[in-house]
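Heads up, the thing below is written out as structure tokens.
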Amino acid sequence: MDPESRYIGNREGHNLFELLQDLHEQVRELKEQHKHSDEELKEAQKEIEEQQKRIGENDYLLLAAYANELEWTAGKSDAESRYTRNVIIHGGDIRYAIRSIELLEELGEATRVKNASIGFEITYGVSIGKIQPIIATAPEEIVDLLNKRAVLQKLWKWKKVYPKGRKEWIKDCDQAIKTWLLTGGDSYLKEYSRLSQWMAERVDIIKATAS
Numbered sequence: 203m204d205p206e207s208r209y210i211g212n213r214e215g216h217n218l219f220e221l222l223q224d225l226h227e228q229v230r231e232l233k234e235q236h237k238h239s240d241e242e243l244k245e246a247q248k249e250i251e252e253q254q255k256r257i258g259e260n261d262y263l264l265l266a267a268y269a270n271e272l273e274w275t276a277g278k279s280d281a282e283s284r285y286t287r288n289v290i291i292h293g294g295d296i297r298y299a300i301r302s303i304e305l306l307e308e309l310g311e312a313t314r315v316k317n318a319s320i321g322f323e324i325t326y327g328v329s330i331g332k333i334q335p336i337i338a339t340a341p342e343e344i345v346d347l348l349n350k351r352a353v354l355q356k357l358w359k360w361k362k363v364y365p366k367g368r369k370e371w372i373k374d375c376d377q378a379i380k381t382w383l384l385t386g387g388d389s390y391l392k393e394y395s396r397l398s399q400w401m402a403e404r405v406d407i408i409k410a411t412a413s
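Residues 203 to 413 (our numbering) are what the sequence shown spells out, left to right.
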């Protein structure tokens, strides 16, 4: 079966529910833990707001994917929402991917952590051990470059319609990210700009390609 035809009601969808439940529980615990000094309350409020923001983002991703899955099941899915669903489910959000593996670690799922980490490196071209400690401070262009690299790696439509260009861009992404990891600087901006333009000029054709 083609990987794009899998429903969200599979392991990916199940993990999304686990993640949301975990985040809601963390918010509840944070509210209970900090009740005394003004300083603790301020810090707790900041943590709660960050968790609530993450919950909101995750709720949006989950709802967007599920809504499209229902439309697709009814044979009424439009190209735009289907493409968004595929990006959500099959890659395109490195922060979300990192958090998913962190959740598996918190649950003590050592084998799944190992397997997911292998899949992470295939998807993003870099190991989670290298990028996880610095993702919070990474430039947004680097984060988006990693996400775009994941889309090119995972979505079969890009493989089908632009096989040669896709391979070349994945290679260029890997080199730009590797250079940034080793030396810092902003040399990645040129590649980021070029890739963004290249994908933007072709994404409508990708969306229109039959699923």
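Backbone N, C-alpha and C fix where the C-beta goes; we use that ideal spot for every residue, glycine too.
Looking only at its chain, what residues have a beta carbon closer than 8 Å to the beta carbon of residue i, apart from the 5 residues adjacent to it on each side?
{"i": "K362", "result": "T411"}
{"i": "Q399", "result": "none"}
{"i": "L397", "result": "L347, K350, W371, D374, C375"}
{"i": "I324", "result": "Q355"}
How big is the Cα-Cα spacing for residue i and residue j?
{"i": "E304", "j": "E231", "result": "18 Å"}
{"i": "K350", "j": "E220", "result": "26 Å"}
{"i": "N224", "j": "L383", "result": "In the sequence under discussion, the amino acid at residue 224 is Asp, which differs from the Asn named in the question. C-alpha separation (whole angstroms): 31 Å."}
{"i": "K356", "j": "W371", "result": "13 Å"}
{"i": "K244", "j": "V405", "result": "44 Å"}
{"i": "G387", "j": "G277", "result": "48 Å"}
{"i": "R314", "j": "L264", "result": "21 Å"}
{"i": "N310", "j": "E403", "result": "The question names Asn, but residue 310 in the sequence shown is Gly. Rounded to whole angstroms, G310 to E403 spans 44 Å at the Cα level."}
{"i": "A312", "j": "K409", "result": "37 Å"}
Confirm, please, whether the CB-CB distance from residue j to residue i is below 7 Å.
{"i": "R368", "j": "L354", "result": "yes"}
{"i": "E393", "j": "D374", "result": "yes"}
{"i": "A352", "j": "Y326", "result": "yes"}
{"i": "I300", "j": "Q334", "result": "yes"}
Assign residue i to one of two classes, buried (16 or more other C-beta atoms within 10 Å of its C-beta) or exposed (fewer than that).
{"i": "R287", "result": "buried"}
{"i": "K332", "result": "exposed"}
{"i": "I407", "result": "exposed"}
{"i": "K359", "result": "buried"}
{"i": "A318", "result": "buried"}
{"i": "I336", "result": "exposed"}
{"i": "I330", "result": "buried"}
With distances taken Cα to Cα, identify the nearest neighbour of residue i among the options.
{"i": "E227", "options": "G327, S329, E308, I336", "result": "E308"}
{"i": "G294", "options": "P365, R396, I344", "result": "I344"}
{"i": "T339", "options": "A378, A318, R297, F322", "result": "R297"}
{"i": "E342", "options": "K409, V229, S395", "result": "S395"}
{"i": "V328", "options": "T381, A312, E311, G310", "result": "T381"}
Please list, in chain order, all residues of the same chain as residue i whose beta carbon is under 6 Å from its beta carbon, the five residues on each side excluded.
{"i": "I320", "result": "none"}
{"i": "S207", "result": "With a pLDDT of 43 at S207, under the threshold of 50, the modelled position of that residue is not reliable, and no figure is offered here."}
Considering only residues of the same chain and omitting the five flanking positions on each side of residue i, which have a CB-CB separation below 7 Å?
{"i": "F322", "result": "A299, I303, I330"}
{"i": "P180", "result": "Only positions 203 to 413 of the chain appear in the structure, and residue 180 is not among them; the question remains open."}
{"i": "L306", "result": "R314, V315, A318"}
{"i": "E249", "result": "L232"}
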